[in-house]
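Chemist: Numbering (this note's numbering), first residue to last: 330 to 661.
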């Protein structure tokens, strides 16, 4: 197949067009905090056509234990903030990533949108993180017991999407970190030796791969925020920002996945924690993992949402985060 240059298109029109033939669109959230990625999501949500085509938004940044609370909130019920914040502060993740204002901001945008819509067109937020109950956890032993009882995060989300979206013949936008949206298994290597295929490999099953195995058609979009993709095709620097681009048969699609994800991960090898990287030779290329790329500009131009100073100075909040990170074996 001949390689052709990637051609950008309007990203809002592009995503909405995809919903004409797909019930699910999976959108990488752009590094869990990129403000330009968030701005695009809000622009998409505010487009008048969105609510006529999409029923649900599935998010990684909310604990499913609070689904009924979220349903009431986005439908217009007043929920005290001290209660509402449990949705994103009490997920399975011990760190502060979901405490960045953009994640709460999406929930409030959906609520505001719904206030102007008839009941049958209102958008539902589906919380995709497994329902851990922190009110019943007071120490490390109780945490590990609760953690071990939880379903795998991607498996939980895939089953929830099947039950709440596909079975009900609805359409959903899935907003998750990109590594939860891979189609094919990655292979990994350490700096000194390959990781044996029989060893545990992170992210072997993703939300997309699990759902596609069930017959779902998913259009998936990667959002590069840490690498400069103009190295794959120089004229990208002249593209309108943001842009959406289909990558099949293009230099962007034929590039290795590692060129988009050069970061180290960690695994236990021979009793020691070692750095591992995507194995370029054995792993699928980018077009085998994703359909398209949302281009937001060069990494140097991107900005990042941060936890508010008031929250970061709250002693009760600091105690909570410190305890949870310690139970995970991580420093504050």
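All residues carry an ideal CB built from backbone N, CA and C; glycine is no exception.
Quick check on DSSP: helix, strand or coil for residue 564?
Modeler: Within the chain shown, numbered from 1, the residue matching residue 564 stands at position 235. Helix at residue 564.
Chemist: What do you reckon, are the CB atoms on residue 355 and residue 558 nearer than 8 angstroms?
Modeler: As a position in the chain shown, residue 355 is number 26, starting the count at 1. As a position in the chain shown, residue 558 is number 229, starting the count at 1. Contact flag unset, no.
Chemist: In whole angstroms, give me the CA-to-CA distance for residue 397 and residue 412.
Modeler: Position 68 of the chain shown, counting from 1, holds the residue named residue 397. Position 83 of the chain shown, counting from 1, holds the residue named residue 412. Approximately 12 angstroms, taken between the alpha carbons.
Chemist: Please classify residue 637: is it buried, with 16 or more other beta-carbons within 10 angstroms of its beta-carbon, or exposed?
Modeler: Position 308 of the chain shown, counted from the start, is the residue given in the question as residue 637. It counts as exposed.
Chemist: In whole angstroms, what separates the C-alpha of residue 511 from that of residue 553?
Modeler: If you number the chain shown from 1, residue 511 lands on position 182. If you number the chain shown from 1, residue 553 lands on position 224. Answer to the nearest angstrom: the Cα atoms are 14 angstroms apart.
Chemist: Should residue 529 be labelled buried (16 or more other beta-carbon atoms within 10 Å of its own) or exposed?
Modeler: Against the chain shown, residue 529 aligns to sequence position 200. Below a pLDDT of 50, predicted positions are generally treated as unreliable, and residue 529, at 45, falls in that range; no measurement from the model is reported.
Chemist: Under a three-way DSSP split, which group does residue 602 fall into?
Modeler: The residue you call residue 602 lines up with position 273 of the chain shown. Note: residue 602 maps to strand in three-state DSSP.
Chemist: Can residue 504 and residue 388 be called in contact, C-beta distance under 8 angstroms?
Modeler: For the purposes of this step, residue 504 is identified with residue 175 of the chain shown, where counting begins at 1. For the purposes of this step, residue 388 is identified with residue 59 of the chain shown, where counting begins at 1. In this structure, residue 388 lies closer than 8 angstroms to residue 504 by Cβ.
Chemist: Answer yes or no: do residue 382 and residue 499 have a C-beta to C-beta separation smaller than 8 angstroms?
Modeler: Taking the first residue of the chain shown as position 1, residue 382 is located at position 53. Taking the first residue of the chain shown as position 1, residue 499 is located at position 170. Taking 8 angstroms as the cut-off, the Cβ atoms of residue 382 and residue 499 do not count as close.
Chemist: Taking just the CA atoms, how far does residue 518 sit from residue 556?
Modeler: What you label residue 556 is simply residue 227 of the chain shown in a count that begins at 1. What you label residue 518 is simply residue 189 of the chain shown in a count that begins at 1. For residue 556 and residue 518, the distance between alpha carbons rounds to 20 angstroms.
Chemist: Among 585, 549 and 592, which one has its Cα closest to the Cα of residue 574?
Modeler: Numbered from its first residue, the chain shown carries residue 574 at position 245. Among 585, 549 and 592, the Cα nearest to that of residue 574 belongs to 549.
Chemist: Locate the beta strand (DSSP E) running through residue 504, then write down its first and last residues.
Modeler: As a position in the chain shown, residue 504 is number 175, starting the count at 1. Element bounds for residue 504: 501-505.
Chemist: Taking C-alpha atoms, which residue in 334, 431, 577 and 340 lies nearest to residue 635?
Modeler: If you number the chain shown from 1, residue 635 lands on position 306. Of the candidates 334, 431, 577 and 340, 431 places its Cα closest to the Cα of residue 635.
Chemist: Give every residue of the same chain whose Cβ lies closer than 7 angstroms to the Cβ of residue 664, excluding the five residues on either side of it in the sequence, and list them in chain order.
Modeler: Look at the range of the chain in this structure, 330 to 661, and you will see that residue 664 is not part of it.
Chemist: Considering only the beta carbon of each residue, do residue 334 and residue 609 sit closer than 8 angstroms?
Modeler: By one-based count along the chain shown, residue 334 stands at place 5. By one-based count along the chain shown, residue 609 stands at place 280. No, the Cβ-Cβ distance between residue 334 and residue 609 is not below 8 angstroms.
Chemist: For residue 410 and residue 535, what's the separation of their Cα atoms in angstroms?
Modeler: The count along the chain shown starts at 1 and reaches residue 410 at position 81. The count along the chain shown starts at 1 and reaches residue 535 at position 206. Looking at the two C-alpha atoms, the distance is approximately 32 angstroms.
Chemist: Please say whether residue 570 and residue 625 have beta carbons closer to each other than 8 angstroms?
Modeler: For the purposes of this step, residue 625 is identified with residue 296 of the chain shown, where counting begins at 1. For the purposes of this step, residue 570 is identified with residue 241 of the chain shown, where counting begins at 1. The answer is yes: Cβ separation under 8 angstroms.
Chemist: Unbroken alpha helix (DSSP H) runs of length 4 or more, entirely within the stretch 407-473: which are they?
Modeler: 410-413, 415-418 and 430-444
Chemist: Ignoring anything shorter than 4 residues or poking outside the stretch 330-400, list the alpha helix (DSSP H) runs there in chain order.
Modeler: 340-347, 364-375 and 379-382
Chemist: Hey, could you find the ends of the beta strand (DSSP E) residue 654 is sitting in?
Modeler: Your numbering for residue 654 matches position 325 in the chain shown. That residue, residue 654, is in no beta strand (DSSP E); its alpha helix (DSSP H) goes 644-656.
Chemist: Alpha carbon to alpha carbon, how far is residue 461 from residue 485? Give it in angstroms, no decimals.
Modeler: Within the chain shown, the letter at position 156 stands for residue 485. Within the chain shown, the letter at position 132 stands for residue 461. Rounded to the nearest angstrom, the two C-alpha atoms are 12 angstroms apart.
Chemist: If you draw a straight line from the C-alpha of residue 520 to the C-alpha of residue 464, how long is it?
Modeler: Residue mapping note: residue 520 aligns to position 191 of the chain shown, counting from 1. Residue mapping note: residue 464 aligns to position 135 of the chain shown, counting from 1. Distance between the alpha carbons of residue 520 and residue 464 is about 42 angstroms.
Chemist: Could you check what DSSP says for residue 512 in three-state terms: helix, strand or coil?
Modeler: Indexing the chain shown from 1 puts residue 512 at position 183. Three-state result, residue 512: coil.
Chemist: Helix, strand or coil for residue 621? Go by DSSP, reduced to three states.
Modeler: Counting from 1 along the chain shown, the entry for residue 621 is found at position 292. Looking at residue 621 - three-state DSSP - the assignment turns out to be strand.
Chemist: Grab the span of the beta strand (DSSP E) containing residue 589 for me, first residue to last.
Modeler: Numbered from 1 along the chain shown, position 260 holds the residue referred to as residue 589. Note, residue 589: premise wrong, no beta strand (DSSP E); alpha helix (DSSP H) at 586-589.
Chemist: Output the boundary residues of the alpha helix (DSSP H) element that contains residue 537.
Modeler: Within the chain shown, the letter at position 208 stands for residue 537. Start and end: 536-542.
Chemist: Hey, would you say the C-beta of residue 616 is under 7 angstroms away from at least one heavy atom of the ligand FAD?
Modeler: As for the ligand FAD, it is missing from this structure, which has no ligand bound.
Chemist: Since residue 550 is in the beta strand (DSSP E), which residue starts that stretch and which ends it?
Modeler: Here residue 550 refers to the residue found at position 221 of the chain shown. It spans 547-551 - the beta strand (DSSP E) in which residue 550 sits, taken as one unbroken run.
Chemist: Quick one, which of 596, 623, 551 and 566 has its alpha-carbon nearest residue 615's?
Modeler: For this step, residue 615 is matched to residue 286 along the chain shown. The shortest Cα separation from residue 615 among 596, 623, 551 and 566 belongs to 551.
Chemist: Considering only the alpha carbon of each residue, which of 466, 622, 537 and 641 lies closest to residue 513?
Modeler: Here residue 513 is taken as the residue at index 184 of the chain shown, counted from 1. Out of 466, 622, 537 and 641, 537 has the C-alpha closest to the C-alpha of residue 513.
Chemist: What does the Cβ neighbour count give for residue 405, buried or exposed, with the cut at 16 atoms within 10 Å?
Modeler: Reading the chain shown from its first residue, position 76 is the one you call residue 405. Exposed: under 16 other Cβ atoms inside 10 Å.
Chemist: So, using beta-carbon positions, are residue 475 and residue 466 closer together than 8 angstroms?
Modeler: Here residue 475 is taken as the residue at index 146 of the chain shown, counted from 1. Here residue 466 is taken as the residue at index 137 of the chain shown, counted from 1. Yes; because the gap between Cβ atoms is below 8 angstroms, this pair is in contact.
Chemist: Can you pull the DSSP bridge partners for residue 594?
Modeler: The residue given as residue 594 occupies position 265 in the chain shown. DSSP, once it has assigned bridges, lists 605 as partnering residue 594.
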